[in-house]
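Here our numbering is used: the first residue of the sequence shown is 475, the next is one more, and so on.
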Amino acid sequence: MATAIIEIGVLLVVAAPTPSEGFKFGFNNSYTCHCKNDEKCDIVTGRCDNGCLKGWGGPSCQQGNVALGSEEVSQSDILIDSYGPKQAVDGYTDTAWTFNHPCIHTSFSPWAWWVIDLQRTFSLRFLKIFHQAGYAQGFSVHIDNELCFKHTNVSNPPTEIPIECGRTITGRHVNISSIRSDDFFHYIRLCEVEIYVCSRGTFGSDCNKFCHCSNGDECDVITGQCPNGCQKGWKGASCNTDIAFGIRPHGNRHHRGKGNMFAILQIQLLIYTHMATDIIEENMCARLQI
Ligand SMILES: [Ca+2]
Numbered sequence: 475m476a477t478a479i480i481e482i483g484v485l486l487v488v489a490a491p492t493p494s495e496g497f498k499f500g501f502n503n504s505y506t507c508h509c510k511n512d513e514k515c516d517i518v519t520g521r522c523d524n525g526c527l528k529g530w531g532g533p534s535c536q537q538g539n540v541a542l543g544s545e546e547v548s549q550s551d552i553l554i555d556s557y558g559p560k561q562a563v564d565g566y567t568d569t570a571w572t573f574n575h576p577c578i579h580t581s582f583s584p585w586a587w588w589v590i591d592l593q594r595t596f597s598l599r600f601l602k603i604f605h606q607a608g609y610a611q612g613f614s615v616h617i618d619n620e621l622c623f624k625h626t627n628v629s630n631p632p633t634e635i636p637i638e639c640g641r642t643i644t645g646r647h648v649n650i651s652s653i654r655s656d657d658f659f660h661y662i663r664l665c666e667v668e669i670y671v672c673s674r675g676t677f678g679s680d681c682n683k684f685c686h687c688s689n690g691d692e693c694d695v696i697t698g699q700c701p702n703g704c705q706k707g708w709k710g711a712s713c714n715t716d717i718a719f720g721i722r723p724h725g726n727r728h729h730r731g732k733g734n735m736f737a738i739l740q741i742q743l744l745i746y747t748h749m750a751t752d753i754i755e756e757n758m759c760a761r762l763q764i
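In structure tokens:
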């Protein structure tokens, strides 16, 4: 029993990490919370009570904007220095022209473009573009020269445009361009470009589904399929089916409950582990209907 008491003390420390360590959630605490003000997230879903950290989105705050704050941006030409390419990744999405946070503004040209180098390849599919009305008709989005999306409507697009590529494209350069051979005095005004990537082990259009790939591989953003099979203990096309217990909410075998209740339940499980050495903790969670 003395051994059990010592381990209880250790476990209480684990159950209450400091914000500087980064709160964790999900299966084996392998996911990092991305809550505003470094707050703790739900231990099962990752949901944050007061919203996501800047640059993160989705119900579980696992959808990251890899464009935010980039220094590796350029554009076809700059009308005025303060209207340069960084304005499209400064985190301000206002589409009304302001002097504090203006949008990019290319010079007059039949071919206007803006490009970002993400510095490494990502599996890309979802973006969002904020722009000033009237200056993006017929625009295209390319990822490493492969067409992701082209606006074909004769009318001007809305100022906030969620974009899904026709398929997932692996690349590092995202180029947004507009060609108007009939209009030399043509330019684009992009206010913000958000390029979304799911954190490792999540997938879906808003990254709120969980996959469990072998070797910690990333899974397909749409299907959840793992490139080299599932992590031990998981199966299914998306590697989100627990071999022992089937599909669980968000594909997890997590313990339910929060705060002190979570710690108390784990204490009970540890004591029980000492009495039944052959049973792993996760199986016990299921038996106790946690
Ligand atoms: Ca901006």
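Cβ atoms here follow ideal geometry from the backbone N, Cα and C, with glycine treated the same way. Given the structure is predicted, the values throughout are model-derived calculations rather than measurements.
Asked	Found
Taking the beta strand (DSSP E) that Y670 belongs to, which residues open and close that run?	664-672
Rounded to the nearest angstrom, how far is the Cβ of N714 from that of C687, given a contact under 8 angstroms?	Not really, about 10 angstroms apart at Cβ, beyond 8 angstroms.
If you measure from each CB to the nearest heavy atom of ligand 1 and keep those under 6 angstroms, what residues do you get, in chain order?	Q561, A562, D564, Y566, H575, C665, E666
From N574, C672, I653, K498, pick the residue whose C-alpha is nearest to that of S581; which is it?	I653
Ordered along the chain, which non-local residues of its own chain (more than five positions away) have a Cβ less than 7 angstroms from that of D568?	H575, C665
Using the DSSP secondary-structure output, state which residues sit across from I650 in a beta bridge.	W588, V615
Check the DSSP bridge columns for Q549 and list the partner residues they point to.	W588
K510 by DSSP, collapsed to three states: which one?	helix
Would I637 and F623 qualify as a contact pair, given that the criterion is a beta-carbon distance under 8 angstroms?	yes
Just grab the DSSP bridge partners of T676 for me.	F684
Can you tell me which of the three DSSP states F659 falls into?	coil
Return the Cβ separation of W588 and P559 in integer angstroms, given the expectation that the two are a contact with Cβ distance under 8 angstroms.	6 angstroms
Based on Cα-Cα distance, which residue from Q699, G698, D716 lies nearest to K706?	D716
By the 10 Å Cβ neighbour count, where 16 or more other Cβ atoms means buried, how is N682 classified, buried or exposed?	buried
How far does the beta strand (DSSP E) with C622 in it extend, from its first residue to its last?	620-624
Quick one: using the 10 Å Cβ neighbour count with 16 as the cut-off for buried, is L621 buried or exposed?	exposed
Assign V671 to buried or exposed, taking buried as 16 or more other Cβ atoms, counted over all protein chains shown, within 10 Å of its Cβ.	buried
In the DSSP assignment, the beta strand (DSSP E) including N539 goes from what residue to what residue?	537-539
Check whether the stretch 524-540 and the stretch 505-513 are in contact - that is, three or more C-beta pairs closer than 8 angstroms.	yes
Return the CA-CA distance between F573 and Y661, expressed in angstroms with no decimal places.	19 angstroms
For Q536, does the count of other Cβ atoms within 10 angstroms reach 16, so buried, or fall short, so exposed?	buried
Answer yes or no: do I578 and Y557 have a C-beta to C-beta separation smaller than 8 angstroms?	yes
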